[in-house]
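Q: Structure provided below as structure tokens; questions to follow.
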Amino acid sequence: GQQVMQIPQYQHVQEGEDFTTYCNSSTTLSNIQWYKQRPGGHPVFLIQLVKSGEVKKQKRLTFQFGEAKKNSSLHITATQTTDVGTYFCAGPSPGRRALTFGSGTRLQVQP
Amino acid sequence: NAGVTQTPKFQVLKTGQSMTLQCAQDMNHNSMYWYRQDPGMGLRLIYYSASEGTTDKGEVPNGYNVSRLNKREFSLRLESAAPSQTSVYFCASAGRVYGYTFGSGTRLTVV
């Protein structure tokens, strides 16, 4: 079945440092979505990428979709303590009208 | 505007007991989902309902049943709880605009 892998599993940064998480799918994706889950909370939708090579920005967050549409990345510039949480990527499940989520990257930011 | 409401928020069950997790959305979404979240394993799809009147198995359906009661409500039933079903359960819904909206989750412990 489809696998969506994320690396790293965990990253601890000092406030102000940059952070990047990578998402790789075993299959080509028609689109990819990113979610953020704060500690003790629920996942919240951030963005969807559809086009090959697409780059989208949300303030300090930059999202990229790979040329082959099998990988994606989320880059945070100058992290803040409000960025703490787990970031998930998700892609459409083959044969199902639902998303397959990656295992997530947990970000800890030290003030 | 409540979004997706899940009840209960916490539950402790004894092995072999049954229970139903309730989920309701007020966004007129067609699709609804049940995921479970275990440490280090991301979100795994249990069942989903692409539209009112239909339900389909996800990645980990064993030990669960679902009912799409109407367009608003999608319940998850554990007929005979097992310790392996200790998890955090999230309900989500999705409409024509992309992105899932998640409920706040049910933290279930089976002892």
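Chains as they are written, first to last, in my numbering: chain A, 1 to 111; chain B, 1001 to 1111.
For glycine and all other residues, C-beta sits at the position ideal for the given N, C-alpha and C.
(1) Round the Cβ separation of Val1088 of chain B and Ser1075 of chain B to the nearest angstrom and send it over; I've been treating them as touching at under 8 angstroms.
(2) Just to confirm, are Ala68 of chain A and Gln33 of chain A a CB contact at a threshold of 8 angstroms?
(3) For His75 of chain A, which residues of its own chain have a beta-carbon under 6 angstroms away from its beta-carbon, when the five flanking residues on both sides are left out?
(4) Quick one: does Arg96 of chain A have its CB under 8 angstroms from some CB of chain B?
(5) Counting only C-beta atoms, is Pro92 of chain A closer than 8 angstroms to chain B at any point?
(6) So with Cβ pairs under 8 angstroms, would you call Gly85 of chain A a contact of chain B?
(7) Touch check for the stretch 85-101 of chain A and the stretch 1028-1047 of chain B: three-plus C-beta pairs under 8 angstroms?
(8) List the residues of chain B whose Cβ lies closer than 9 angstroms to the Cβ of Phe45 of chain A, in chain order.
(9) From Leu1069 of chain B to Met1019 of chain B, what does the alpha carbon distance come to, in whole angstroms?
(10) Residues of chain A with a CB under 9 angstroms from the CB of Leu1045 of chain B: which are they?
(11) What are the complete beta strand (DSSP E) segments, minimum 3 residues, inside the stretch 1007-1072 of chain B?
A: With the structure as the only source:
(1) Not quite, the Cβ-Cβ distance comes to about 17 angstroms (not below 8 angstroms), so this is no contact.
(2) no
(3) Thr20 and Thr62
(4) yes
(5) no
(6) no
(7) yes
(8) Tyr1098, Gly1099, Tyr1100, Thr1101 and Phe1102
(9) 16 angstroms
(10) Ser93, Arg96, Ala98, Leu99, Thr100 and Phe101
(11) 1010-1013, 1019-1025, 1031-1037, 1043-1049 and 1064-1068
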